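**Student:** After the structure tokens below, expect a handful of questions from me.
In my numbering, the protein residues as written are 13 to 717.
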């Protein structure tokens with residue numbers, strides 16, 4: 013550790029004064045970053061463990077940029093992570109104008125020039141550049157958090173494209189890359205044109221241990237015997253006796269819940285009466301997170317009564333926050349989570365248990381990458397509370413003991429690799445580049461791809477670029493004019509909607525087919541789920557056979573030449589899911605009938621709304637104003653039957669209240685307006701009735717005033 017005062021001459025006064033009110037020392041990575049030119053505008057790649065002070069390096073660069081009169085951008089691939097960074101920075105720097113941009117477009121996004129710092133998800137900033145590039149100016153610093161996720165199959169291509177594009181659009185901007193420990197940090201730094209700050213520093217010592225047959229092994233062996241044979245039960249019981257909190261990582265959502273139940277039966281009866289009372293209140297909060305609790309809500313609620321919770325993508329945001337906040341407060345003793353938590357929010361624990369080193373992949377059970385194990389272990393040790401954190405990796409047999417030693421405890425981390433080499437990525441970003449107006453020839457586009465990490469790593473995609481341009485031309489997204497390539501009106505629309513050009517082609521074909529016929533509900537929803545944006549629809553063999561038979565009996569408009577057969581059939585399942593939603597079935601039904609957990613369902617719902625809007629806009633450009641599409645967009649947004657559309661246009665009336673009104677004989681806005689306050693209060697409750705009444709009579713109220 014080095015003293016802040018030792019760096020006084022290297023830090024601008026305004027930033028120094030800000031820092032001096034919060035810290036007195038720099039951690040080694042922070043000190044090295046300053047020495048390597050943090051305040052001189054040098055590009056930096058920080059490759060270091062969790063909790064080693066990387067975020068403060070980014071914050072110093074941002075504050076320095078603002079002091080010079082420029083703006084900064086902070087990007088992360090995970091919404092939860094970028095939300096947390098925004099909240100932390102805004103709290104520590106209330107005088108700085110910050111914008112959080114992670115969801116759909118809103119008015120603020122178009123006024124981004126009013127802000128000093130933009131915190132955005134990678135995809136959202138890509139979308140902002142597509143739609144309002146002229147507003148993005150005076151960028152002096154760009155932070156890429158979790159930059160090692162460039163090697164992630166899902167998130168990586170967008171991140172790599174955006175970094176390459178930003179280097180082109182904002183050549184003077186300082187790049188700060190924040191990365192986990194990776195095997196080829198020097199290669200990534202060279203591609204970024206950055207100085208490498210590599211460190212294995214942790215403010216809290218980390219003890220890495222193996223568990224096998226009742227023993228903790230770390231050089232020496234420690235016997236654990238709490239009366240349980242099962243490794244997780246034995247370790248959990250032992251930790252609880254010592255008053256230690258733990259994060260447990262399991263392979264998938266099903267295992268996560270099962271493991272949480274196991275721990276719950278062990279520690280629930282050992283909690284104090286005071287703890288039980290507090291947890292009872294938290295349990296009720298979780299149960300009340302949804303209007304009508306699902307089975308998952310009930311299971312989580314019961315587990316929390318015993319001081320245990322699970323954490324995965326199936327939770328809704330409100331439940332996730334409740335779990336995280338009460339774990340930090342010490343009331344929840346154990347969280348069992350999927351590995352995604354290790355990449356996301358800042359949630360350290362005294363101890364981390366890695367209950368399995370394998371997960372089910374494309375080729376059966378696969379070993380977890382060492383970078384993921386390292387990220388999980390990095391969550392062990394709470395700053396300000398622990399002098400040492402412990403990470404325990406469970407071995408199921410002697411072969412796994414050797415694997416743990418050789419793969420996970422040797423300190424060797426795999427290199428990250430580019431995932432940009434896919435037809436989908438090349439197709440999407442080729443259109444984007446033409447739309448930005450930077451390039452107008454095939455040769456120019458090739459020059460861009462030569463600047464990617466993919467090309468830097470020795471991967472050639474010239475043939476795929478050629479194929480992408482041919483596809484765009486054949487589908488009238490671009491056209492040749494003399495020797496230049498220009499984007500058509502439809503091409504610009506597809507790019508701005510942020511959908512795959514192949515999805516655009518699917519939608520165009522669909523609209524042409526339905527111009528002269530009434531669209532059936534299932535047909536309309538089916539084409540949405542045939543899109544490239546819904547690539548991972550889970551359908552088992554029995555379900556596939558069922559929907560395959562249904563596909564033969566239906567006249568579906570989605571073009572089978574554009575959609576592969578498996579997706580065409582699987583999309584029928586999801587069309588039924590959404591059809592049930594607009595028939596006013598609730599989240600509990602979705603979970604019981606289709607196995608969709610609330611968090612998963614809401615993600616699907618958000619994507620469905622986005623794609624219905626996109627289909628509507630495509631139809632407009634093709635001269636079709638189809639009421640069926642407009643109505644379905646409203647119905648999906650609100651989860652209602654067609655008959656409730658007029659009522660849900662009124663603020664404070666959602667699907668449940670609209671149904672109550674309709675069942676009471678109030679079936680239109682005119683009938684609603686005729687009702688007195690007393691009748692509305694009986695149906696809606698006094699508070700809502702007052703709001704609805706005054707909204708409906710606001711013109712009269714204005715005249716009276």
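Note that the Cβ used here is the ideal one computed from N, Cα and C, for glycine as well. Predicted model, so just to flag it, every value in this text is computed and none were measured.
Would you say residue 473 and residue 438 are within 9 Å of each other, going by their C-beta atoms?
**Tutor:** Translated into positions along the chain shown, residue 473 becomes position 461. Translated into positions along the chain shown, residue 438 becomes position 426. For residue 473 and residue 438, yes; Cβs fall inside 9 Å.
**Student:** Return the residue from the list 189, 181, 176, 477 that minimises the CA-CA distance to residue 155.
**Tutor:** Within the chain shown, residue 155 is the residue found at index 143, counting from 1. Looking at the Cα atoms, 189 is the closest of the given residues.
**Student:** Less than 9 Å between the beta carbons of residue 172 and residue 522, yes or no?
**Tutor:** As a working mapping, residue 172 is identified with position 160 in the chain shown. As a working mapping, residue 522 is identified with position 510 in the chain shown. No, they are not a contact pair.
**Student:** Let me make sure I understand the geometry here. Which of 244, 366, 456 has the alpha-carbon closest to that of residue 277?
**Tutor:** Start at 1 with the first residue of the chain shown, and residue 277 comes out as number 265. The option with the nearest alpha carbon to residue 277 is 244.
**Student:** Please classify residue 262: does DSSP put it in a helix, a strand, or coil?
**Tutor:** Your numbering for residue 262 matches position 250 in the chain shown. Looking at residue 262 - three-state DSSP - the assignment turns out to be coil, as it is neither helix nor strand.
**Student:** Hey, would you say residue 152 sits closer than 9 Å to residue 136, going by beta carbons?
**Tutor:** By 1-based counting over the chain shown, the position of residue 152 is 140. By 1-based counting over the chain shown, the position of residue 136 is 124. Contact: no.
**Student:** Check whether the Cβ atoms of residue 477 and residue 454 lie closer than 9 Å to each other.
**Tutor:** Residue numbering aside, residue 477 sits at position 465 when the chain shown is read from its first letter. Residue numbering aside, residue 454 sits at position 442 when the chain shown is read from its first letter. Yes, the Cβ-Cβ distance between residue 477 and residue 454 is below 9 Å.
**Student:** Take residue 199 as the anchor and find which of 54, 428, 222 has the nearest alpha-carbon.
**Tutor:** Taking the first residue of the chain shown as 1, we reach residue 199 at position 187. Of the listed residues, the one whose Cα sits closest to residue 199 is 428.
**Student:** Only counting the same chain, and skipping five residues up and downstream in sequence, which positions put a Cβ closer than 6 Å to that of residue 347?
**Tutor:** As a first step, residue 347 must be located in the chain shown, where it is residue number 335. 259, 321, 323, 339, listed in sequence order.
**Student:** With three or more beta-carbon pairs closer than 8 Å as the criterion, would you say the stretch 221-232 touches the stretch 286-299?
**Tutor:** As far as the Cβ criterion goes, the stretch 221-232 does not touch the stretch 286-299, which means the pair count is below three.
**Student:** Check each candidate in 416, 387, 319 and name the one with the smallest Cα separation from residue 275.
**Tutor:** Taking the chain shown and counting its residues from 1, one reaches residue 275 at position 263. Per the Cα distances, 319.
**Student:** Distance check for residue 87 and residue 684, CA to CA, integer angstroms please.
**Tutor:** As a working mapping, residue 684 is identified with position 672 in the chain shown. As a working mapping, residue 87 is identified with position 75 in the chain shown. Cα-Cα distance, rounded: 47 Å.
**Student:** Report the rounded CA-to-CA distance for residue 221 versus residue 462, giving the unit in angstroms.
**Tutor:** By 1-based counting over the chain shown, the position of residue 221 is 209. By 1-based counting over the chain shown, the position of residue 462 is 450. About 44 Å.
**Student:** Judging by CA-CA distance, which residue of 353, 570, 66, 415 is the nearest neighbour of residue 378?
**Tutor:** Locating residue 378 in the chain shown gives position 366, where the first residue counts as 1. For residue 378, the nearest C-alpha among the options comes from 415.
**Student:** For residue 404, I'd like the list of residues in its chain whose CB is within less than 8 Å of its CB, leaving aside the five on either flank, ordered along the chain.
**Tutor:** On the chain shown, residue 404 is found 392 positions in, with the first residue counted as 1. Counting only Cβ-Cβ distances below 8 Å, and skipping sequence neighbours, we find 221, 222, 223, 228, 247, 363, 364, 365, 366.
**Student:** Just checking, does the stretch 433-448 make contact with the stretch 492-501 on the three C-beta pairs under 8 Å criterion?
**Tutor:** Output reads yes: the stretch 492-501 touches the stretch 433-448.
**Student:** Is the beta carbon of residue 578 sitting closer than 9 Å to the one on residue 544?
**Tutor:** Here residue 578 is taken as the residue at index 566 of the chain shown, counted from 1. Here residue 544 is taken as the residue at index 532 of the chain shown, counted from 1. No, the Cβ-Cβ distance between residue 578 and residue 544 is not below 9 Å.
**Student:** Name, in chain order, the residues that DSSP records as bridge partners for residue 218.
**Tutor:** As a first step, residue 218 is located in the chain shown; it is residue number 206 there, counting from the start. Per DSSP, 401.
**Student:** Tell me the rounded alpha-carbon separation between residue 570 and residue 518.
**Tutor:** As a first step, residue 570 must be located in the chain shown, where it is residue number 558. As a first step, residue 518 must be located in the chain shown, where it is residue number 506. Roughly 7 Å separates the two Cα atoms.
**Student:** Near residue 21, what residues of its chain come up, given a Cβ to Cβ distance below 6 Å and the 5 sequence neighbours on each side ignored?
**Tutor:** The count along the chain shown starts at 1 and reaches residue 21 at position 9. Once the five neighbours on either side are set aside, residue 21 has no close Cβ partner at all.
**Student:** Rounded to whole angstroms, what's the CA-CA distance from residue 595 to residue 442? Just pull it up for me.
**Tutor:** Looking up residue 595 in the chain shown gives position 583. Looking up residue 442 in the chain shown gives position 430. So the alpha carbons of these two residues sit roughly 40 Å apart.
**Student:** Put residue 407 into one of helix, strand or coil per three-state DSSP.
**Tutor:** Within the chain shown, numbered from 1, the residue matching residue 407 stands at position 395. It is coil, neither helix nor strand.
**Student:** Measuring alpha carbon to alpha carbon, tell me which residue in 510, 516, 508, 505 is nearest residue 483.
**Tutor:** Reading the chain shown from its first residue, position 471 is the one you call residue 483. For residue 483, the nearest C-alpha among the options comes from 516.
**Student:** Express the C-alpha separation of residue 300 and residue 186 in angstroms, rounding to a whole number.
**Tutor:** Numbered from 1 along the chain shown, position 174 holds the residue referred to as residue 186. Numbered from 1 along the chain shown, position 288 holds the residue referred to as residue 300. Spanning the two alpha carbons is a distance of roughly 46 Å.
**Student:** To the nearest angstrom, how far is it from the Cα of residue 668 to the Cα of residue 492?
**Tutor:** For the purposes of this step, residue 668 is taken as the residue at position 656 of the chain shown. For the purposes of this step, residue 492 is taken as the residue at position 480 of the chain shown. Cα-Cα distance, rounded: 53 Å.
**Student:** For the structure I just gave you, are there three or more beta carbon pairs, one from the stretch 58-67 and one from the stretch 196-211, closer than 8 Å?
**Tutor:** Yes, since at least three Cβ pairs between the stretch 58-67 and the stretch 196-211 fall closer than 8 Å, the two stretches touch.
**Student:** Hey, would you say residue 130 sits closer than 9 Å to residue 145, going by beta carbons?
**Tutor:** The residue labelled residue 130 in the question sits at position 118 within the chain shown. The residue labelled residue 145 in the question sits at position 133 within the chain shown. Against a cut-off of 9 Å, the Cβ pair of residue 145 and residue 130 comes out as no contact.
**Student:** State the CB to CB distance for the pair residue 14 and residue 51, rounded to an integer number of angstroms; the pair is presumed to be in contact (CB under 8 Å).
**Tutor:** Reading the chain shown from its first residue, position 2 is the one you call residue 14. Reading the chain shown from its first residue, position 39 is the one you call residue 51. Wrong, their Cβ atoms sit about 15 Å apart, outside the cutoff.
**Student:** Pull up the distance between the alpha-carbon of residue 424 and that of residue 382, whole angstroms please.
**Tutor:** Taking the first residue of the chain shown as 1, we reach residue 424 at position 412. Taking the first residue of the chain shown as 1, we reach residue 382 at position 370. About 8 Å.
**Student:** Note down the Cα distance separating residue 16 from residue 25, rounded to an integer number of angstroms.
**Tutor:** Reading the chain shown from its first residue, position 4 is the one you call residue 16. Reading the chain shown from its first residue, position 13 is the one you call residue 25. Distance between the alpha carbons of residue 16 and residue 25 is about 12 Å.
**Student:** Quick check on this structure: which residue in 680, 588, 697 has the alpha carbon closest to the alpha carbon of residue 708?
**Tutor:** Taking the first residue of the chain shown as 1, we reach residue 708 at position 696. The residue with the shortest Cα to Cα distance from residue 708 is 680.
**Student:** Unbroken alpha helix (DSSP H) runs of length 4 or more, entirely within the stretch 620-682: which are they?
**Tutor:** Entirely contained in the stretch 620-682, the alpha helix (DSSP H) runs reaching 4 residues are, in chain order, 639-650, 667-675.
**Student:** State the DSSP-derived secondary structure class of residue 709, mapped to helix, strand or coil.
**Tutor:** Translated into positions along the chain shown, residue 709 becomes position 697. Coil.
**Student:** In this structure, does DSSP put residue 491 in helix, strand or coil?
**Tutor:** Against the chain shown, residue 491 aligns to sequence position 479. DSSP places residue 491 in strand when its eight states are reduced to three.
**Student:** In the DSSP assignment, the alpha helix (DSSP H) including residue 143 goes from what residue to what residue?
**Tutor:** Here residue 143 refers to the residue found at position 131 of the chain shown. Its alpha helix (DSSP H) spans residues 134-144.
**Student:** Residues in the same chain with beta-carbon distance under 7 Å from residue 537, minus the five sequence neighbours each way, listed in chain order, please.
**Tutor:** Residue numbering aside, residue 537 sits at position 525 when the chain shown is read from its first letter. Closer than 7 Å at Cβ, skipping near neighbours: 587, 590, 591.
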